[in-house]
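Residue 280 in the working numbering is what sits at position 251 of the sequence shown, and the numbering runs on without skipping anything. Here a beta-carbon is modelled for each residue, glycine too, at the ideal position from N, C-alpha and C.
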Amino acid sequence: MSSGPSRWQSPAPIRYPDPDVVVLDPRFRALVVPMAAIERIATGFRFTEGPAYYGDGRYLLFSDIPNDALVRWDEITGAVATLRNPAGYPDGNTRDRQGRLISCELGSRTLTRTEHDGTVTVLASSFEGTRLTGPNDVVVKSDGSIWFSDNGAGIRGNYLGDKASKEMPYRVYRLDPATGEYTIAVGDMERPNGLCFSPGESRLYVVDTPDGTRTTRVYDMVDGKPVNGRLFFDATPGFADGIRCDTEGNVWAGFSGGPEQDGVAVFAPDGTLIGRILLPERCANLCFGGRKRNRLFMTASQSVYALYVEAQGVPGG
């Protein structure tokens with residue numbers, strides 16, 4: 030059970046092990062650092078999303094969607110600064126294999142790449158002549174291909190983008206940045222959201238967040254295409270959002286489910302819920318970073334949190 034919101038209102042230290050890191054299955058115990066506590070590293074935002082870690086600069090970049098900003102947190106000094114505003118109402122972010130920032134923009138309804146000199150290149154804005162509904166989350170495969178979900182989060186109101194009518198189905202696309210061509214990778218979901226590849230890229234995980242039952246599905250990768258889609262987990266009435274895999278194949282999910290579930294839920298490769306990291310806010314997304322890629326960064330509503338773990342994230346997310 031969570032130690033509650035009082036811990037975030039008091040300067041008192043947390044007694045190890047952190048009571049908000051909850052072991053539900055012995056497999057999770059090996060992933061927990063018993064002398065590490067959850068830290069709130071930044072706060073005062075409206076809705077944070079899309080964390081992406083820059084090891085070469087020791088900083089975390091993330092989105093504050095309603096404030097239409099990309100924000101930078103310095104891992105060495107703790108300083109917070111706005112990197113870009115306006116920023117197209119950015120949502121999910123990642124880095125490609127050349128270290129460039131890839132961003133899903135709900136407002137501009139485009140997928141963009143920030144070049145090393147700071148200029149912004151539009152990678153995707155429409156499909157077969159129809160404007161995208163709004164890229165939501167993104168990962169980059171080892172072959173350089175960019176996989177992103179398009180689910181209309183920015184057109185459903187004016188808080189996270191600009192309200193507009195839905196013109197096409199919600200899908201996951203695969204983009205070849207060398208040719209600029211992209212194809213439908215997953216077209217059997219109501220509202221695809223977070224996505225990630227397993228170690229070795231033999232599996233693709235995709236979260237579905239419609240108004241009803243919200244599930245996470247897994248697909249086998251065969252000849253570069255996702256096939257044999259099936260249920261990975263159903264945590265209804267709670268639900269996942271952004272997800273990432275560690276090197277052992279566990280899936281770490283930003284999770285919303287009320288005071289006893291908000292934070293991060295961790296699932297073993299067989300779909301079993303093995304642990305939770307409880308936060309006082311709903312967690313939309315996460316990524317691994319730090320010097321050893323073993324620091325979990327969590328974007329959760331108005332704040333960003335971090336926790337050292339005994340897991341390391343796979344590249345590409």
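Taking 7 Å as the cut-off, the beta carbon of residue 303 is found closer than this to the beta carbon of residue 56.
Around the beta carbon of residue 290, 16 or more other beta carbons lie within 10 angstroms, which makes this residue buried.
Measuring C-alpha to C-alpha distances from residue 113 to each of 104, 52, 99 identifies 99 as the nearest. The stretch 53-125 is shown to contain whole beta strand (DSSP E) runs of 3 or more residues at 68-72, 77-83, 88-93, 98-103, 109-113, 119-124, in chain order.
Contact between residue 252 and residue 175 is absent: CB atoms are separated by about 18 Å, not below the 8 Å threshold.
Residue 156 sits away from residue 328, with the two beta carbons spaced by 7 Å or more. In this chain, the beta strand (DSSP E) harbouring residue 176 covers 175-179.
Put simply, the backbone Cα of residue 232 is about 15 Å away from that of residue 281. When C-alpha distances from residue 37 are compared across 162, 334, 342, the shortest belongs to 334.
Straight through space, the alpha carbons of residue 120 and residue 331 are spaced by roughly 14 Å. For the beta strand (DSSP E) assignment, the uninterrupted runs of no fewer than 3 residues enclosed by the stretch 221-268 are, from N- to C-terminal side, 221-226, 232-237, 244-251, 254-263. Rounded to whole angstroms, residue 151 and residue 240 show a C-alpha spacing of 30 Å.
For the 7 Å CB-CB criterion, residue 216 and residue 200 form a contact. Comparing C-alpha distances from residue 164 to each of 148, 135, 188 shows the shortest one belongs to 135. Residue 138 counts as buried, since at least 16 other C-beta atoms from the protein chains shown sit within 10 angstroms of its C-beta.
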